[in-house]
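Each residue of the sequence shown is one higher than the one before, counting from 36 in our numbering. Presented below is the structure to which this report refers.
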Amino acid sequence: MRNKLSALAAPLIVSILVIGTVIFSAGGFALPPKETDAPPDVSGTPLPSGEPSFPPLPDNLADSAVMLKVKDEDNVIEMTAAEYIIGALGGEMPAAFNAEALSAQAVAVRTYAYYTKHVSGKHRDGGADVCTDSSCCQAYKSKDELREKWGNKFAEYSYKLQTAVSQTDGIIMEFEGKPIFAAFFSSAYLATESCRDVWTGDLPYLVSVDTPETAEAVSNFITETIVTTDVFKEYILVNYPEAKLGNDHSDWLSDVEFSENKRLRTLKAGGVSVSGTAIRKIFSLSSTAMEIEVTESGFLFRTYGKGHGVGMSQWGANLMAGQGKAWREILTHYYTGIEFNVPGEPFAGNPQEA
Ligand SMILES: [Zn+2]
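Structural data, given as C-alpha cells:
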C-alpha cells in the first residue's frame, strides 16, 4: 500500500531543488548534470571512430567466461557477465564520472549480480540470476539505449565503461567467503547509513562511514519538498488510520528524533510512531537526512543527499576518485572489512553451486 501511496503522492507534492541558497525552480526541477569531472585524457589511446558498436573487449576476460541470465520484463536474456556489467554500469552511474569511481561501481554491480545469483537467489524461481528493474536489482541499459543516452559521447563513454570492467575483471567483494550485498546510492550528508537503521537485519560490512559530499560538489544535493496539511493528513491517515490529526497542524508532529547527521530516525504523527524511512517513502523524499519546518500551509522537508544511504555513495566515490583514490580504496572505505576475490564459475565460494 505504501508504494502505491508514494506514487500517488508524487504529483501532489512540490519539490524544489536548492543548491547553496539559490532556488532554481519549482515544478520542472530537472537540472542538467553537473560537469564537475572532466573525462580522463584518453588521447593516447585509439578510440573507435564513431561506429555504432562497442570497441572489442580484451581477449580472455574472466567476465566473458561467466554467463548470466538477466530477466528483462517478461524475457530472460543470457549474456556474459562483461556485457551485463557494462549495461548495469551505464544504467547506474553517470559515465562522465571519474575512471576509478566507474571501476568501483563495476565491482559493485558485478558483486551484486553474484550475490543475487549465488546467495539470495531471488530470481532463481523465474530462471534468472538478476533483473533489469532498478527498484528490484540494478538498472541496466542495452547498447542501443546507451547510444541514445550518450549521443556523440558514445565512443568515449563506452571505452570508459569497458576499461572499468576490464580493469576489475572478475573481481567481486566478499565477506566471510561470500559475495556481499553490495548496496549503493547517489549521495549522503556527512556519513552513510548502517544497514540496520534502514532495513531489517544487520550486515557487518554495511555500517556507517564518513562520506565527502557537499552541496557545492554534488548536483541537486539539497531538495525542499512542500507538503500541504491536506496532503500530509491524507497520506498519514491512509497508512496510520489511528493517528489523531486535529485542526492545528502545528501540534501534529512530536517526539522528532534525528541522528547526529540529520537522519530522521522517528517521529510521532498524531501520536503514532512513524520511522524516518517510512516518512521518506510516503512523501517521496530524496533522503532521510532532513530538516522539517512547520509552515503556515503545512510542512517543509529540506533533505540532504539522495538515496537510502547504505553502502557506497556514488558521488562520494567520484569525489574520492577526484582526490586520487583508487577503486580498491574507495570500496574498502564504503564496505567495511571486505575482501576481493575472483571466484569465476562454477562459483567457488558457495558449496551448493560447486
Ligand atoms: Zn530483480
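For each residue, glycine too, the CB sits at the ideal point set by N, CA and C. It should be emphasised that the depicted structure is a prediction, and the values quoted were computed from it without experimental measurement.
Can you tell me which of the three DSSP states residue i falls into?
i      : result
Leu400 : Residue 400 lies beyond the stretch modelled for the chain, which goes from 36 to 389, so this question has no answer here.
Glu326 : strand
Asp283 : coil
Pro74  : Low per-residue confidence applies at Pro74: pLDDT is 36, beneath 50, and the placement is therefore not dependable, though the value from the model is reported in the following sentence. Pro74: coil per DSSP, three-state reduction.
Asn274 : helix
Phe318 : coil
Asn376 : strand
Ile207 : strand
Phe267 : helix
Ile58  : Below a pLDDT of 50, predicted positions are generally treated as unreliable, and Ile58, at 32, falls in that range; no measurement from the model is reported.
Val101 : coil
Leu366 : helix
Asp168 : coil
Thr258 : strand
Asp179 : helix
Tyr339 : strand
Gly333 : strand
Glu191 : helix
Less than 8 Å separating the Cβ of residue i from some heavy atom of ligand 1?
i      : result
Asp168 : yes
Cys230 : no
Thr246 : no
Val165 : yes
Lys176 : no
Lys157 : yes
Lys106 : yes
Would residue i and residue j qualify as a contact pair, given that the criterion is a beta-carbon distance under 9 Å?
i      : j      : result
Ser321 : Lys341 : yes
Glu228 : Gly372 : no
Ile431 : Thr338 : With the chain covering only 36 through 389, there is no way to say anything about residue 431.
Leu196 : Leu272 : no
Phe428 : Gly346 : Examination of residue 428 is not possible in this model, given that the chain is present from 36 through 389 alone.
Arg300 : Asp232 : yes
Met208 : Thr146 : yes
Cys166 : Asp107 : yes
Would you say the beta carbon of residue i comes nearer than 8 Å to a heavy atom of ligand 3?
i      : result
Thr151 : This structure does not include ligand 3; its bound ligands are ligand 1.
So residue i and residue j are in contact, right, with Cβ under 8 Å, and what is the actual spacing, rounded?
i      : j      : result
Met102 : Pro247 : Going by Cβ atoms, the distance from Met102 to Pro247 rounds to 38 Å, so no, they are not a contact pair.
Ala141 : Val377 : Going by Cβ atoms, the distance from Ala141 to Val377 rounds to 13 Å, so no, they are not a contact pair.
Lys279 : Gly305 : 4 Å
Ala217 : Ala143 : 4 Å
Lys152 : Asp168 : No, Lys152 and Asp168 are not in contact; Cβ-Cβ is about 16 Å, not under 8 Å.
- Scan the segment 103-165 and note each continuous alpha helix (DSSP H) run of 4 residues or more that stays entirely inside, going in chain order. If we require 4 residues or more, the alpha helix (DSSP H) runs fully inside the segment 103-165 come out as 116-127 and 134-150.
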